[in-house]
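Novice:
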Amino acid sequence: KIGFSVSNNEAEYETVIKGLQLAMAGGARKVQVHSDSHLVVGQFQEEFGVKEDRKKYVDEMRKLKEFDSFELIQIPRGENGRTDLLSKIAQSLVDCKSRSVTLLYLEKSVVDAEVVEIEEVKDWRAPILKELKEGAIKAVRRFFEHAGILYKRSYAGSHLRCVTKEEGQYMLREVHEGCNNDHSKLGALVAKILRAGYFWPTMKEDAKAIVRKCLQCHKHGPLIHQPAEAMKTMSYLERIPNRLIPTSNLTSNNHNPKP
1 KIGFSVSNNE AEYETVIKGL QLAMAGGARK VQVHSDSHLV VGQFQEEFGV KEDRKKYVDE
61 MRKLKEFDSF ELIQIPRGEN GRTDLLSKIA QSLVDCKSRS VTLLYLEKSV VDAEVVEIEE
121 VKDWRAPILK ELKEGAIKAV RRFFEHAGIL YKRSYAGSHL RCVTKEEGQY MLREVHEGCN
181 NDHSKLGALV AKILRAGYFW PTMKEDAKAI VRKCLQCHKH GPLIHQPAEA MKTMSYLERI
241 PNRLIPTSNL TSNNHNPKP
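Following UniProt numbering, the numbering of the sequence shown begins with 1 at its first residue and continues without gaps.
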């Protein structure tokens with residue numbers, strides 16, 4: 001039973017898709033679907049055009065047809081007595097506790113479920129480590145590997161251990177607003193991380209973003225007296241309203257009044 005508002009054709013799509021999902025979850029390999037909707041079957045078999053609002057249903061059905069055998073058959077409504085009987089049971093026997101037919105209640109559309117895309121986080125160190133193992137020394141001469149850890153050569157002190165972007169952002173937050181509540185500026189913040197012996201390529205951009213979003217840095221920072229917009233230079237006559245100087249008393253160059 002569908003518990004939300006849909007059209008007849010959309011209801012047909014909802015029931016077919018949910019049935020395919022249950023069949024797949026149950027391990028079915030050979031599936032035959034009967035539908036009395038000529039439009040649904042025709043759109044799935046690409047005999048009819050599909051509007052944009054129905055395309056999501058057709059795409060979802062095609063995703064779920066990965067069985068050993070799948071067949072969608074259109075049958076006349078008069079020959080679809082079993083399905084018609086089940087639909088009447090769902091409408092009339094909702095409160096019947098003695099029924100032997102299990103009803104499936106759809107609270108929301110099967111195609112409107114929230115999809116969360118998980119973006120794969122790429123480790124910037126992986127290609128460098130790969131080149132080091134392959135012997136491409138010239139391409140990564142600024143880096144070296146020791147005990148499976150990537151380091152960046154530094155001639156100002158100890159070598160810098162390379163960390164991921166996420167680890168670096170955590171370090172920046174700890175140094176900037178951690179237990180010491182230091183709230184260092186951009187240059188000092190990056191310098192502290194480097195002196196601690198860590199490096200990642202976007203450390204300056206990440207530090208800039210943290211400082212820019214810091215409320216305390218804006219509250220206690222120096223006041224900015226620069227105007228929001230560029231100032232425009234005005235001449236002497238432009239500052240005097242036209243109604244104060246009759247235009248008939250001015251010469252063509254608007255500087256010397258006539259006697």
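Beta carbons: idealized from backbone N, C-alpha and C, even for Gly.
None of the values given here were measured: they were computed from a predicted structure.
(1) On the three-state DSSP scale, how would you describe HIS218?
(2) To the nearest angstrom, report how far apart residue 273 and THR164 are at their CA atoms.
(3) Closest to CYS214 by C-alpha separation, out of ILE193, ARG195, LEU186, would be which residue?
(4) For ILE224 versus ARG173, is the C-beta spacing smaller than 8 Å?
(5) So, with DSSP's three-state summary, where would you put ARG125?
(6) Is DSSP giving GLN43 helix, strand or coil here?
(7) So what's GLU71 in DSSP terms, helix, strand or just coil?
(8) Three-state secondary structure (DSSP) at HIS159?
(9) Could you tell me the distance, in whole angstroms, from the CA atom of GLU114 to the CA atom of ALA147?
(10) Note down, in chain order, each residue of its chain lying with its Cβ closer than 7 Å to the Cβ of GLU12, except the 5 sequence neighbours on either side.
(11) From which residue to which residue does the alpha helix (DSSP H) around GLU229 run?
(12) Can you tell which of PHE199, ILE128, PRO201 has its C-alpha closest to the C-alpha of VAL140?
(13) Can you give the Cα-Cα distance for PHE70 and ALA25, rounded to whole angstroms?
(14) Suppose you measure from the CA of LYS219 to the CA of HIS183; what does that come to, to the nearest Å?
(15) At the level of alpha carbons, what is the spacing between TRP200 and LYS18?
(16) What three-state label does DSSP hand LYS185 in the structure shown?
(17) From which residue to which residue does the beta strand (DSSP E) around VAL140 run?
(18) Suppose the cutoff is 6 Å on Cβ atoms and the five residues either side in sequence are ignored; what does the same chain contact list for ALA207 look like?
(19) If you follow the beta strand (DSSP E) that LEU150 is part of, which residue opens it and which one closes it?
(20) With C-beta atoms as the reference, is VAL33 less than 8 Å away from VAL16?
(21) To the nearest angstrom, report how far apart LEU150 and GLU131 are at their CA atoms.
(22) Per DSSP, what are the beta-bridge partners of VAL31 in this structure?
Specialist: This is what the structure holds:
(1) helix
(2) Only positions 1 to 259 of the chain appear in this structure, which leaves residue 273 out of reach.
(3) LEU186
(4) no
(5) helix
(6) It is helical.
(7) Three-state result, GLU71: strand.
(8) Coil at HIS159, not helix or strand.
(9) Summary for GLU114: the model assigns pLDDT 44, below 50, so the residue's position carries little reliability; its value from the coordinates is reported in the next sentence. Whole-angstrom Cα-Cα distance: 43 Å.
(10) SER35, SER37, VAL40
(11) Run containing GLU229: none; DSSP gives neither H nor E here.
(12) Residue ILE128 is the option with its Cα nearest to VAL140.
(13) 15 Å
(14) 11 Å
(15) 47 Å
(16) coil
(17) No beta strand (DSSP E) contains VAL140, which DSSP labels as neither H nor E.
(18) LEU172, LEU186, LEU189, VAL190
(19) 149-152
(20) yes
(21) Whole-angstrom Cα-Cα distance: 12 Å.
(22) PHE70
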